[in-house]
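Novice:
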Amino acid sequence: MAQPPELIRRPNALRSKLGGGFGGIDAAAVARAEEALKALSSQFDQWLQDEIVKLDTAEADIRADGYTEKTAEYLYLRAHDLKGLGTTYQYPLVTRIAGSLCRLMDDPSRRMVAPWPLVEAHINAIRAVVRDRIQAEDHPVGTELANALEAEVRALGL
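Counting in my numbering, the sequence shown runs from 391 upward without gaps.
Okay, here's the thing in structure tokens:
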């Protein structure tokens, strides 16, 4: 009969290597950071619009110069920026849709064969969310749109 497995716990030497305790989270520092972010929030709409202009520029470059490695990378970088900034700017659906676009374009070799209609649908969805000021993560139309785009990307095996 097999013996039950034996659990061997190794000592955690990380504390000693880093010079002692890590301390707790500084609640005052977190509060200061939250206040700083709140003070900046009045500028979020303008900053998001600036990102949309960059996205528009990326799409216009593709229409003018073709879908090249350079124009595709610029578009990917815009999507990546929006993925990181959407939630910060209080547009979680922008983060979600841009994240789906990033999955579609992450790998530079697959980026060049990404179906343009699907890429364009992501771009248009991001624009629509911002244009219609859809800030609720559970907005029924926005959520359905994000679900549909993510399903299309998954169907490609990404």
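We treat Cβ as the ideally placed atom computed from N, Cα and C, and that holds for glycine.
Since the structure is predicted, the reported quantities are computational estimates derived from the model, not experimental observations.
At the level of alpha carbons, what is the spacing between Arg-486 and Gln-393?
Specialist: Spanning the two alpha carbons is a distance of roughly 48 Å.
Novice: Just how far apart, CA to CA, sit Ser-490 and Glu-396?
Specialist: So the two alpha carbons sit approximately 43 Å from each other.
Novice: For Arg-468, collect the residues of the same chain with a Cβ closer than 6 Å to its Cβ; drop the 5 residues on either side in sequence, then sort them by chain order.
Specialist: Same-chain partners within the cutoff: Lys-444, Leu-445, Ala-448.
Novice: Here's a check: name, in chain order, each residue in its chain whose Cβ is nearer than 7 Å to the Cβ of Asp-455, leaving out the five neighbours to either side.
Specialist: If we look at Asp-455 and ignore the five residues flanking it on each side, its Cβ neighbours are Thr-461.
Novice: Using alpha carbons as the reference points, say which of Asp-528, Leu-465, Pro-498, Arg-500 lies closest to Ala-488.
Specialist: Among Asp-528, Leu-465, Pro-498, Arg-500, the Cα nearest to that of Ala-488 belongs to Leu-465.
Novice: With 8 Å set as the bound, which would you pick, yes or no: does the beta-carbon of Ile-513 sit closer than that to a beta-carbon of chain B?
Specialist: No chain B is present in this structure, which holds just one protein chain.
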